[in-house]
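Which chain is which? The protein sequence lines are A and B, in order. Numbers 1 to 116, taken from the numbering used here, label the letters of the first sequence in order. Numbers 117 to 268, taken from the numbering used here, label the letters of the second sequence in order. Contents: one structure, followed by commentary.
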Amino acid sequence: MNKNPIANAERMLIPACSIDEDVGVVTLKLETPGVTKEGLNVSVEANTLTIEGRRGGNPPSGEWLLRERPAGSYRKIFTLDETIDRDKIEAQLADGMLTVRLHIQEAAKPREIAIN
Amino acid sequence: MELVPWNRNVPHDLWDAFDDLRSEMERSFGGFRFPDATGLLDRTGSPAIDVVETHDEILVMADLPGVRKEDLELNLAGTLLTIKGSKRNEQNSEKRRIFRKETWAGSFARTIELPANINNESVDAELKDGVLSVRISKREEAKTKAISVRVE
């Protein structure tokens with residue numbers, strides 16, 4: 001066992017992520033191939049949104065002829081600002097893509113004010 | 117094959133310092149691959165592939181996040197396995213503002229050569245959670261067999 005605690009820490013992968021906003025909804029799309037629903041953990045604590053994903057199944061045993069896929073678990077941490085409604089966060093996992101929808105609070109949405 | 121103990125438990129080994137340095141460098145340089153860069157001709161334009169040979173089959177695994185089964189095409193010609201497909205782009209809306217774009221959409225193809233001892237007739241492919249797994253059996257004569265040796 002290596003004596004350096006940093007060297008023994010688990011290496012986490014940062015998944016590729018796209019962020020866009022469309023009429024009051026911010027959508028995060030993350031590439032998390034191999035992550036099962038059971039291995040996924042999305043949590044919000046104060047201003048921090050943490051997404052962690054673990055690949056399902058065990059790596060096969062045998063002789064590796066080619067090894068390009070990154071091994072390890074995914075982790076991505078976002079900081080949420082005040083405009084995001086903490087109670088309306090939806091996450092969906094399909095085909096190795098995780099989609100997280102963050103709704104902008106009604107009070108923070110831009111609105112037009114009628115002029116009398 | 118020589119049998120050498122991988123990790124000798126020598127207390128306060130001077131070489132530990134070098135091991136730490138080496139693993140630290142591996143972490144730093146290996147980390148450049150993530151998050152994957154984007155672009156059609158980039159690394160992500162052809163999927164990352166693992167090939168594992170076990171005693172009776174060849175297992176090919178590819179990361180294909182967001183690729184649907186109907187958009188994927190597999191082809192095995194001789195020992196050449198081609199994985200071809202496309203990832204659909206999400207529909208665009210007028211009001212959509214993009215803040216960050218790291219994920220990728222478009223078509224991709226990759227061909228790899230498998231060992232010659234495979235049995236083309238016995239192929240099984242599965243696409244699950246964005247990972248494609250293709251299992252190709254080896255030919256009977258290529259499978260490793262345990263030979264029991266009788267000791268008298």
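The C-beta atom is built at its ideal place from N, Cα and C for all residues, glycine as well.
Query                                                                                                                                               : Result
For A258 (chain B), tell me which candidate among B:G194, B:D187, B:P231 has the shortest Cα-Cα distance.                                           : B:P231
Which residues of chain A have a Cβ atom closer than 8 angstroms to the Cβ of T219 (chain B), listed in chain order?                                : A16, C17, S18, K29, L30, E31, M97
Where do the ends of the beta strand (DSSP E) carrying K109 (chain A) lie?                                                                          : It is not in any beta strand (DSSP E) - K109 (chain A) carries neither H nor E in the DSSP assignment.
Who are the Cβ neighbours of K203 (chain B) in its own chain at under 6 angstroms, not counting the five residues just before and after it?         : G182, V183, A221
Ends of the beta strand (DSSP E) at R67 (chain A)?                                                                                                  : 63-67
Could you check whether I228 (chain B) and L197 (chain B) sit closer than 8 angstroms to each other, using their CB atoms as the reference points?  : yes
Pick helix, strand or coil for D81 (chain A), following the three-state DSSP scheme.                                                                : coil
Report the rounded CA-to-CA distance for A107 (chain A) versus G24 (chain A), giving the unit in angstroms.                                         : 11 angstroms
For P110 (chain A), which of A:G96, A:D87, A:T83, A:E90 has the nearest alpha-carbon?                                                               : A:T83
On the three-pair Cβ rule with 8 angstroms, is the segment 71-81 of chain A touching the segment 8-20 of chain A?                                   : yes
Three-state secondary structure (DSSP) at K217 (chain B)?                                                                                           : coil
I'd like to check one pair, R67 (chain A) with G34 (chain A): are the Cβ atoms closer than 8 angstroms?                                             : no
Please confirm if E45 (chain A) has its CB atom under 8 angstroms from at least one CB of chain B.                                                  : no
For G201 (chain B), write down the residues that DSSP places opposite it in a beta bridge.                                                          : B:L188, B:F224
Mind checking which residues open and close the beta strand (DSSP E) that includes K259 (chain B)?                                                  : From DSSP, K259 (chain B) is part of no beta strand (DSSP E); its letter is neither H nor E.
Check whether the segment 130-138 of chain B and the segment 31-47 of chain A touch, using three or more Cβ-Cβ pairs below 8 angstroms as the test. : no
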